[in-house]
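Going by full-length UniProt numbering, the sequence shown opens with residue 1, and the numbers climb by one from there. Each residue gets a CB set at the ideal place from its N, CA and C atoms; glycine is no exception. Below is one structure, written out as structure tokens, with a few remarks after it.
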Amino acid sequence: MLEEINHLAKTAGDLPVTSNPLSGAEGEQADVSFNKVMSNAMHQVNSLQEQAEISQTAVDTGQSDDLAGAMLASQQAALSFSALVQVRNKLATGFNDLMSMSI
Numbered sequence: 001m002l003e004e005i006n007h008l009a010k011t012a013g014d015l016p017v018t019s020n021p022l023s024g025a026e027g028e029q030a031d032v033s034f035n036k037v038m039s040n041a042m043h044q045v046n047s048l049q050e051q052a053e054i055s056q057t058a059v060d061t062g063q064s065d066d067l068a069g070a071m072l073a074s075q076q077a078a079l080s081f082s083a084l085v086q087v088r089n090k091l092a093t094g095f096n097d098l099m100s101m102s103i
């Protein structure tokens, strides 16, 4: 999980920054956008949750004896989801703060 966060931070840090965000040409997009970074993070969290569900089902049905692995996968999925929710909440708070500022 920490590696994923570090990767996302590096990727977000590589985004181009301009002094005036309105000066760029319309329709011009960077190679890596914030939307792509968040979309990839959501897909990774979803993948972890699906893997955890598969391993839990395998233990429940007796196809696997790896209870520790299933519990580890479940906790990893829960932790990654919690981190994603925290990022969403921080973004929503930041957006609301920006919208409430007077010009």
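Determine whether the beta carbon atoms of residue i and residue j lie at a separation below 8 Å.
{"i": "Met47", "j": "Ser55", "result": "In the sequence as presented, Met is not what sits at residue 47; that position holds Ser. Their beta carbons are not under 8 Å apart, which means Ser47 does not touch Ser55 by this criterion."}
{"i": "Ala41", "j": "Leu98", "result": "no"}
{"i": "Ala58", "j": "Ser74", "result": "no"}
{"i": "Phe81", "j": "Val45", "result": "yes"}
By a C-beta neighbour count over all protein chains shown, 10 Å radius and 16 as the cutoff for buried, is residue i buried or exposed?
{"i": "Ala78", "result": "exposed"}
{"i": "Ala70", "result": "buried"}
{"i": "Ser102", "result": "exposed"}
Residue i by DSSP, collapsed to three states: which one?
{"i": "Ser64", "result": "coil"}
{"i": "Ile103", "result": "coil"}
{"i": "Val85", "result": "helix"}
{"i": "Ser80", "result": "helix"}
{"i": "Ser33", "result": "coil"}
{"i": "Leu72", "result": "helix"}
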